[in-house]
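Protein chains in written order, with the working numbering: chain A, 3 to 207; chain B, 3 to 207.
Virtual Cβ for every residue (Gly too), placed ideally from N, Cα, C.
There are 2 protein chains.
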Amino acid sequence: MNVKKIPDIIIGRLPVYLRALQRMADNGAKTTSSQELGEHVGISAAQIRKDISQFGEFGKQGTGYSIQFLIDKLREILKVDRVWDVVLIGAGDLGHALANYNGFQNRGFRVVAIFDNDKNKVGQKIGEFTVEDTDTMLERIKSMGVKIAMTTVPASAAQEVADKLVQAGVRAILNYAPVSLNVPENVKVQYTDPSTNLQRMTYYL
Amino acid sequence: MNVKKIPDIIIGRLPVYLRALQRMADNGAKTTSSQELGEHVGISAAQIRKDISQFGEFGKQGTGYSIQFLIDKLREILKVDRVWDVVLIGAGDLGHALANYNGFQNRGFRVVAIFDNDKNKVGQKIGEFTVEDTDTMLERIKSMGVKIAMTTVPASAAQEVADKLVQAGVRAILNYAPVSLNVPENVKVQYTDPSTNLQRMTYYL
Chain A
3 MNVKKIPDII IGRLPVYLRA LQRMADNGAK TTSSQELGEH VGISAAQIRK
53 DISQFGEFGK QGTGYSIQFL IDKLREILKV DRVWDVVLIG AGDLGHALAN
103 YNGFQNRGFR VVAIFDNDKN KVGQKIGEFT VEDTDTMLER IKSMGVKIAM
153 TTVPASAAQE VADKLVQAGV RAILNYAPVS LNVPENVKVQ YTDPSTNLQR
203 MTYYL
Chain B
3 MNVKKIPDII IGRLPVYLRA LQRMADNGAK TTSSQELGEH VGISAAQIRK
53 DISQFGEFGK QGTGYSIQFL IDKLREILKV DRVWDVVLIG AGDLGHALAN
103 YNGFQNRGFR VVAIFDNDKN KVGQKIGEFT VEDTDTMLER IKSMGVKIAM
153 TTVPASAAQE VADKLVQAGV RAILNYAPVS LNVPENVKVQ YTDPSTNLQR
203 MTYYL
C-alpha cells in the first residue's frame, strides 16, 4: 500500500463505501461494480474507482470487485480490522441510545464506560453499564488507555468535556453537541446532527 | 441561478459548509475565505470554491465571502429558507432525543408528530408531543401533507415503516436503523450511524 498522503475527503468516503459493501454482503452478494456501489451511495462510479485506486489495485476490469476482499481492505485501511474501546460522555436520551446501540459490533468499536456529571445519574445502570462520575473520567480514561470518545453532553458543557478528554489522551471525538470544539491538531473531531442530514435531502424536494 | 444538474456529491457538501458558516456567524465573524472554511470542514479551498461557483459568483477575489450572504444563498439553494414539517417514527431513546433536540430550530425543520407501534408508548407525552399509534400514521401524514420523516425503529421494522411513509407521500427519510431501505426513485433516503462517523477518524489514529 502506498504511504503517500491521501486527502481527507477521500478518507471520509471510505466508511460510506464500507457500510454499503457490508449491506451487500449481508444480502448475500459476492461481487459488485463501481457502477452498482455508486448507485448505493450516490457517488459516481468514476469517483469510486479513483478513490479506491489510491490504495492499490483492488478490482479487475470487467469482473469488478470481490465484496469481501474490498471490505477486508477498507477495514484494514480504516484500522477497523480490530476493536477500539470507546467512552461515552452524557447519559441522557442519546447516551442511552448509544449505550444500547447494537451497530458497533463488527464495525470496529465497543463502548467500555459511560460518564455523566449528574449525581442522580451516576450509579444508574444502562444495560450492562453503570454510569460513572465525570469527576473520575480523566484518571479512568488514562488508565484504560482509551483513544475514542462520543460526547452527548449539552452544548454549554461540550468544550470543557473535550478539554478533559484531550488531557486524558483521547485522540478522536464524535461530538453530538451542536457546537464547534477547539482541540489540538493531533485530535480529530467529527460532528453529527440530524439537521445536516435532513438538509442534504431538501434540495431535491 | 443555473438550473443545470448539480452532482449529488456537491449537494451533500453544502449542508456541511452551511453548518460551519452558521457557527462562524454565531461566533461573531462577518467574512471568511475558502481557505478558512476549508480548515473548518476538512475540504480543500479549491474544492470549496469549485462547489460554490456552481451556483453563481458569491465571493470576491481578495475579499472572500460575506458569511451572512453565503448562509442566505446556501439556505435558498438547499430550500431551508423555510420551515419543513418532519414526522418522527419510533419513540425509544433515540426518538426521545430527537423529539427534544433543539438543533432543528433555525435550520429549516420542526417535528410535528411522533408515532410508535408499542401500545404502551402510545399516548405517552414527550415534551410537547403525545406519541401517536403507527396504525393512524398513513392518514395523519397524508392529511398534514408532511414530506420528511426520521425513523428510529428497529432494523426489522424499518422497511415496513418506510413503505407506509412512501405511501403517505413522504419523499425524504432520515433512517437511523442499520439497514438499507428499498424506496421508489423519487424518494430520498439518508443513513446515519455512529460507527460510520467513528470510522472516519480511526484512519488517523
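Helix, strand or coil for residue i? Go by DSSP, reduced to three states.
{"i": "residue 2 of chain A", "result": "Past the boundaries of the shown model lies residue 2 of chain A; chain A is included only from 3 to 207, so the question cannot be answered."}
{"i": "residue 19 of chain A", "result": "helix"}
{"i": "residue 190 of chain B", "result": "strand"}
{"i": "residue 176 of chain A", "result": "strand"}
{"i": "residue 195 of chain B", "result": "coil"}
{"i": "residue 116 of chain A", "result": "strand"}
{"i": "residue 151 of chain B", "result": "strand"}
{"i": "residue 65 of chain A", "result": "coil"}
{"i": "residue 207 of chain A", "result": "coil"}
{"i": "residue 166 of chain B", "result": "helix"}
{"i": "residue 134 of chain B", "result": "strand"}
{"i": "residue 87 of chain A", "result": "strand"}
{"i": "residue 13 of chain A", "result": "helix"}
{"i": "residue 128 of chain B", "result": "strand"}
{"i": "residue 45 of chain A", "result": "coil"}
{"i": "residue 4 of chain A", "result": "Reliability of the predicted coordinates at residue 4 of chain A is poor, the pLDDT of 47 falling under 50, and the value obtained from them is presented with this limitation in mind. It is coil, neither helix nor strand."}
Straight-line CA distance for residue i to residue j?
{"i": "residue 98 of chain A", "j": "residue 96 of chain B", "result": "8 Å"}
{"i": "residue 129 of chain A", "j": "residue 102 of chain A", "result": "7 Å"}
{"i": "residue 142 of chain A", "j": "residue 151 of chain A", "result": "13 Å"}
{"i": "residue 175 of chain A", "j": "residue 85 of chain A", "result": "16 Å"}
{"i": "residue 139 of chain B", "j": "residue 53 of chain A", "result": "42 Å"}
{"i": "residue 167 of chain B", "j": "residue 131 of chain B", "result": "20 Å"}
{"i": "residue 190 of chain A", "j": "residue 48 of chain B", "result": "22 Å"}
{"i": "residue 153 of chain A", "j": "residue 134 of chain A", "result": "14 Å"}
{"i": "residue 195 of chain A", "j": "residue 180 of chain A", "result": "7 Å"}
{"i": "residue 184 of chain B", "j": "residue 137 of chain A", "result": "46 Å"}
{"i": "residue 201 of chain A", "j": "residue 55 of chain B", "result": "19 Å"}
{"i": "residue 32 of chain B", "j": "residue 69 of chain B", "result": "6 Å"}
{"i": "residue 36 of chain A", "j": "residue 10 of chain B", "result": "16 Å"}
{"i": "residue 144 of chain A", "j": "residue 173 of chain B", "result": "47 Å"}
{"i": "residue 38 of chain B", "j": "residue 121 of chain B", "result": "51 Å"}
{"i": "residue 126 of chain B", "j": "residue 163 of chain B", "result": "20 Å"}
{"i": "residue 105 of chain B", "j": "residue 29 of chain B", "result": "17 Å"}
{"i": "residue 186 of chain B", "j": "residue 146 of chain B", "result": "21 Å"}
{"i": "residue 13 of chain A", "j": "residue 159 of chain B", "result": "32 Å"}
{"i": "residue 17 of chain B", "j": "residue 46 of chain B", "result": "16 Å"}
{"i": "residue 64 of chain A", "j": "residue 64 of chain B", "result": "48 Å"}
{"i": "residue 165 of chain A", "j": "residue 111 of chain A", "result": "23 Å"}
{"i": "residue 188 of chain B", "j": "residue 169 of chain B", "result": "12 Å"}
{"i": "residue 15 of chain A", "j": "residue 60 of chain A", "result": "16 Å"}
So the candidates are the options; which of them puts its Cα closest to the Cα of residue i?
{"i": "residue 157 of chain B", "options": "B:91, B:63, B:50, B:8", "result": "B:91"}
{"i": "residue 148 of chain B", "options": "B:126, B:132, B:171, B:161", "result": "B:171"}
{"i": "residue 75 of chain A", "options": "A:58, A:181, A:192, A:207", "result": "A:58"}
{"i": "residue 178 of chain A", "options": "A:187, A:186, A:199", "result": "A:199"}
{"i": "residue 207 of chain A", "options": "B:122, B:165, B:193, B:82", "result": "B:82"}
{"i": "residue 161 of chain A", "options": "A:182, A:169, A:145", "result": "A:182"}
{"i": "residue 67 of chain A", "options": "A:80, A:51, A:78", "result": "A:51"}
{"i": "residue 62 of chain B", "options": "B:34, B:120, B:104", "result": "B:34"}
{"i": "residue 124 of chain B", "options": "B:14, B:65, B:111, B:94", "result": "B:94"}
{"i": "residue 204 of chain A", "options": "B:78, B:46, B:28", "result": "B:78"}
{"i": "residue 73 of chain A", "options": "A:19, A:65, A:46", "result": "A:19"}
{"i": "residue 8 of chain A", "options": "A:169, A:27, A:80", "result": "A:80"}
{"i": "residue 155 of chain A", "options": "A:119, A:13, A:109", "result": "A:119"}
{"i": "residue 27 of chain A", "options": "A:159, A:71, A:107", "result": "A:71"}
{"i": "residue 108 of chain B", "options": "A:13, A:16, A:197", "result": "A:197"}
Between residue i and chain D, is the shortest Cβ-Cβ distance under 9 Å, so that the two count as touching?
{"i": "residue 23 of chain A", "result": "Chain labels in this structure do not include chain D; the protein chains are A and B."}
* To do: Would you list, in chain order, the members of the stretch 80–96 of chain A that have their beta-carbon closer than 8 Å to a beta-carbon of chain B?
  => Result list: 80, 81, 82, 86, 88, 94, 95, 96.
* Short-range partners of chain B found in the stretch 189–204 of chain A, where Cβ spacing is below 9 Å -> Per Cβ criterion, the list reads 190, 191, 192, 193, 194, 195, 196, 197, 198, 199, 200, 201, 202, 203, 204.
* Should the stretch 106–123 of chain B be regarded as contacting the stretch 77–90 of chain B, the criterion being three or more beta carbon pairs within less than 8 Å? -> A contact exists between the stretch 106–123 of chain B and the stretch 77–90 of chain B.
* Asked: With a cut-off of 8 Å, do at least 3 Cβ pairs link the stretch 41–54 of chain B to the stretch 17–25 of chain B?
  -> Judged by Cβ distances under 8 Å, the stretch 41–54 of chain B makes contact with the stretch 17–25 of chain B, as three or more pairs qualify.
* To do: With 9 Å as the limit, tell me which residues of the stretch 127–161 of chain B have their beta carbon closer than that to any beta carbon of chain A; keep them in chain order.
  => With the criterion set as a beta carbon lying under 9 Å from some beta carbon of chain A, the members of the stretch 127–161 of chain B are 149, 150, 152, 154, 157, in sequence order.
* Where the stretch 106–122 of chain A meets chain B: residues whose CB sits under 8 Å from a CB there -> Flagged, chain order: 106, 109, 110, 111.
* Contact set between the stretch 161–178 of chain B and chain A, restricted to residues whose Cβ is under 7 Å from the partner -> Contacts with chain A (Cβ-Cβ distance below 7 Å) from the stretch 161–178 of chain B involve 173, 174, 176, listed in chain order.
* Asked: If contact means a Cβ-Cβ distance below 8 Å, which residues of the stretch 62–77 of chain B contact chain A?
  -> Listed by position, the residues of the stretch 62–77 of chain B near chain A (Cβ gap below 8 Å) amount to none.
* To do: May I ask you to list, following chain order, the residues of the stretch 31–52 of chain B that have a beta carbon less than 8 Å from some beta carbon of chain A?
  => Against chain A - using a Cβ distance shorter than 8 Å - the residues of the stretch 31–52 of chain B are 42, 44, 45, 46, 49.
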